[in-house]
Amino acid sequence: MYFRLYSYICEHNVSYVIMKFKSKKHRQLLESAKDLFWKYGFKRVTVEEICETASVSKMTFYRFYPNKMEIAKAVFDMVIDKGIEDFRELMQSEISAPEKMRKMLQMKFEGTNDISKEFMMDFYNNPDLEVSAHIQKRSAEVWTSIIEDFRQGQREGWLRKDFKPEVILILSQKIMELASDEKVLSLYSNPQDLVMEIANFFTYGISAHE
């Protein structure tokens, strides 16, 4: 997800094959958990806070998820899969290449709204959390299909034919190591500015653009 997948800090609320919400309360739990995790990170948020924000009981929570770790994984799956869905829809659209690039950045900007420094540190720089391993596993799975989408863009002529899509995966992993570095984060007023810096760099390099 780097055009759409630069940091895997994504967004929205449906799934890859389209998430089947089991009920309105299930949707409320996932959306509330996402909002809280994005704002406060993973470690600080409690099951009680998720339930209170979603206006559901703890009993209802445990009907769907055994613990906070599992709902965190579900939230990540939900937003990643929505990102893939939107990315593919854009890739298959008939709009011009410059317009596709503009929309990719717009999607990225909207998708990184409300993320916090705590989110960045918890989800991307904390190997002790099981959710970090889940993110790495899902990211590897996603990249297999995203690379093919990039190749399709090359065949259609709106992406350069002389670059190797696989290198974006390698570069994105290295860049996200920097993106979760406190010294790097301190250069920006909020994490979204840093994510957009990375997205713009991948899209335009350091050349001037509108």
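Residue numbers (this note's numbering): 1 to 210. Here a beta-carbon is modelled for each residue, glycine too, at the ideal position from N, C-alpha and C.
With 16 other Cβ atoms within 10 Å as the buried cut-off, status of residue i
| i | result |
| --- | --- |
| G157 | exposed |
| A74 | buried |
| V17 | Confidence is the limiting factor: at V17 the pLDDT is only 37, short of 50, which leaves the residue's position unreliable and the question unanswerable from this model. |
| S139 | buried |
| P191 | buried |
| F163 | exposed |
| V167 | exposed |
| L30 | buried |
Cβ-based neighbour list, residue i, same chain, cut-off 6 Å, excluding 5 preceding and 5 following
| i | result |
| --- | --- |
| S15 | Note that S15 scores 34 on pLDDT, short of 50, meaning its location in the model is unreliable and no value can be drawn from it. |
| K212 | One cannot answer for residue 212 here, as it falls past the ends of the chain, which runs 1 to 210. |
Contact set for residue i: own chain, Cβ-Cβ below 8 Å, skip 5 residues either direction
| i | result |
| --- | --- |
| G153 | M91, L159 |
| N67 | V47 |
Euclidean distance between Cα positions of residue i and residue j
| i | j | result |
| --- | --- | --- |
| F42 | I115 | 12 Å |
| A199 | E130 | 27 Å |
| P98 | V195 | 20 Å |
| T144 | E52 | 38 Å |
| E118 | F21 | 28 Å |
| F3 | I50 | Bear in mind that a pLDDT of 36 at F3, under 50, signals an unreliable position, so the number given afterwards is only what the model happens to contain. Going from the Cα of F3 to the Cα of I50 covers about 31 Å. |
| H12 | T46 | Because the pLDDT of H12 is 35, which lies under 50, any placement of that residue in the model is unreliable, and the question is left without a value. |
| K39 | M121 | 12 Å |
| E89 | I170 | 24 Å |
| M104 | F37 | 24 Å |
| F202 | T60 | 43 Å |
| A221 | M69 | Outside the displayed span of the chain (1 to 210) sits residue 221, for which this structure offers no information. |
| S186 | D193 | 11 Å |
| Y204 | E197 | 10 Å |
| D181 | R44 | 19 Å |
| Y62 | S23 | 14 Å |
| V142 | S189 | 30 Å |
Contact set for residue i: own chain, Cβ-Cβ below 7 Å, skip 5 residues either direction
| i | result |
| --- | --- |
| I95 | none |
| H26 | F64 |
| K161 | Q154 |
Proximity of residue i and residue j at Cβ, strictly below 7 Å
| i | j | result |
| --- | --- | --- |
| I71 | A33 | yes |
| P165 | R155 | no |
| F76 | I146 | no |
Integer Cβ distance of residue i from residue j, believed to fall under 8 Å
| i | j | result |
| --- | --- | --- |
| S55 | Q28 | 7 Å |
| D86 | M101 | Contact flag wrong, Cβ pair sits at about 15 Å. |
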